[in-house]
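Comments concern the structure below.
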Amino acid sequence: MVGTLAFSRTRTEKLKRALQRYCQQELGDSSAFVEITPDAEFPDMLIVPVVISSAFSKMSETERQDSIWKFLRNDPGITRDDFSGVSRIATRVD
Amino acid sequence: MAELTAFTPTTRDEFAQLARDCKNDFDLLRSQGQWTTSVYIGGYIIEARLKCKICELLEVDNLPAVFKTHNLFALIIFAGLTKTLKARPAIEDNLLKINQIHSDSSWRYKCHAQVHQNDSDNLNQWLFDPNNGVMTWLGL
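If you're matching them up, the sequences are chains A and B in order. Per the numbering used here, the very first residue in the first sequence carries number 11; after that it's consecutive. Per the numbering used here, the very first residue in the second sequence carries number 3; after that it's consecutive.
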C-alpha cells in the first residue's frame with residue numbers, strides 16, 4: 011500500500027503511465043513492468059517507482075538514471091509537482 | 003521511545019569534516035582509477051554534509067538518532083531544504099539520481115571494474131558540476 015497521507019491513486023497512476031511511456035518510447039520495450047512502491051524506511055512520506063526492463067541490461071546504472079529523468083522532465087503528460095514524494099527511481103533487469 | 007530522544011556520538015563538526023574527507027577519498031580513488039569504490043563512497047559526501055546541516059538547523063552539537071538514515075531525499079526534508087531544492091530543478095534531478103545509486107547496496111559488493119568509470123564520471127558531474135552539482139549547491 012502506498013502511503014495514504016501524500017499520495018493519491020490518481021497521481022501514482024499518472025507516474026506509472028509516464029514511466030510506461032518511457033519504456034515504450036525510449037527503451038522500445040512494450041513488455042517492461044512498472045511498480046510504484048512505498049519507500050521501505052519512510053512508507054508514509056516517500057515512494058519509489060521501480061522500472062523493470064530487459065533493455066536496461068545494455069545500460070550502466072547511471073546511464074539508466076540519466077535516460078529516465080531526461081525523458082520524464084520533457085514528458086508533457088507529467089509535471090514536476092507529480093513527482094513530489096518520489097525519492098528515487100529504481101531500475102531492475104528481469 | 004528512547005530512540006526519539008537519543009543522540010548519535012558523531013558531532014556536527016565531525017560530519018562537516020567527514021564530508022570533506024569523503025570528497026578527498028572520492029577524488030583520490032578516481033585519480034587512481036578505482037572507479038567502483040568511488041561510486042560507493044560518492045553519496046556519503048552528501049549524506050555527511052546534510053547531517054551537519056541538520057545539526058546546524060536544530061542548533062545541536064550531535065545528530066539526533068532519529069535522523070540516522072542513508073536516504074538523501076529524506077535528509078533534504080529534515081534539513082529544511084525541500085523548497086530551496088524545488089527551485090533548482092536540475093540540482094533536484096541530480097540528487098534523485100544520486101539517491102538511487104546511494105540506496106543501491108549492491109555497490110558494496112561489486113568488484114573493481116573499468117566499466118564503472120562511466121558511472122564514476124557521471125556521479126562526479128552530478129556532485130560537482132559548477133552550475134548544477136549537488137555539492138556545489140550544498141557547499142563543503
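Where a beta carbon is used, it is the ideal one built from N, C-alpha and C, also for glycine. These figures come from a predicted structure and were not determined experimentally.
#1: Should phenylalanine 52 of chain A be listed as close to the ligand ZN, given that the test is whether its C-beta is under 7 Å from any heavy atom?
#2: Which bits of chain B does aspartate 104 of chain A rub up against, with CB to CB less than 9 Å?
#3: Smallest Cα separation from glutamate 45 of chain A: which of A:Lys24, A:Leu37, A:Glu51 and A:Ala65?
#4: Below 8 Å on C-beta distance, what does valine 117 of chain B contact in chain A?
#5: For the stretch 47-64 of chain A, list every residue whose C-beta sits within 9 Å of some C-beta in chain B, in sequence order.
#6: Just how far apart, CA to CA, sit phenylalanine 69 of chain B and threonine 10 of chain B?
#7: Distance cutoff 8 Å, beta carbons only. Does aspartate 131 of chain B sit that close to anything in chain A?
#8: How about arginine 21 of chain A: is its C-beta nearer than 8 Å to some C-beta of chain B?
#9: Return the chain-ordered list of same chain residues with a C-beta closer than 6 Å to the C-beta of glutamine 116 of chain B, the five sequence neighbours on each side being excluded.
#10: Nearest CA to the CA of arginine 27 of chain A: which residue from A:Ile88, A:Ser97 and A:Ile99?
#11: Could you name the residues of the same chain whose beta carbon sits closer than 7 Å to that of asparagine 134 of chain B, not counting the 5 residues immediately before and after it, in chain order?
#12: Starting from the Cα of isoleucine 57 of chain A, find the closest Cα among A:Leu37, A:Ser18 and A:Leu82 and give me that residue.
Concretely, from the data shown:
#1: For the ligand ZN, the structure offers nothing, since it holds no ligand at all.
#2: Here residue 104 of chain A refers to the residue found at position 94 when the first sequence is read from its first residue. In chain order: nothing, as chain B lies at least about 15 Å away.
#3: By one-based count along the first sequence, residue 45 of chain A stands at place 35. The shortest C-alpha separation from glutamate 45 of chain A is found at A:Lys24.
#4: Taking the second sequence and counting its residues from 1, the one referred to as residue 117 of chain B is at position 115. Those are Ser70, listed as they occur along chain A.
#5: Asp49, Glu51, Phe52, Met55, Leu56 and Val58
#6: In the second sequence, residue 69 of chain B corresponds to position 67, counting from 1. In the second sequence, residue 10 of chain B corresponds to position 8, counting from 1. Taking the straight line from one Cα to the other gives about 9 Å.
#7: Here residue 131 of chain B is taken as the residue at index 129 of the second sequence, counted from 1. Taking Cβ atoms only, chain A never reaches closer than 8 Å to aspartate 131 of chain B, which makes this a no.
#8: Numbered from its first residue, the first sequence carries residue 21 of chain A at position 11. It does not: the Cβ of arginine 21 of chain A has no partner Cβ on chain B nearer than 8 Å.
#9: In the second sequence, counting from the first residue as 1, residue 116 of chain B sits at position 114. There are no such residues.
#10: The residue given as residue 27 of chain A occupies position 17 in the first sequence. Nearest option by C-alpha distance: A:Ile88.
#11: The residue labelled residue 134 of chain B in the question sits at position 132 within the second sequence. These residues qualify, in order along the chain: Ala92, Ile93 and Asn96.
#12: Within the first sequence, the letter at position 47 stands for residue 57 of chain A. Distance from the Cα of isoleucine 57 of chain A is smallest, within the candidate group A:Leu37, A:Ser18 and A:Leu82, for A:Ser18.
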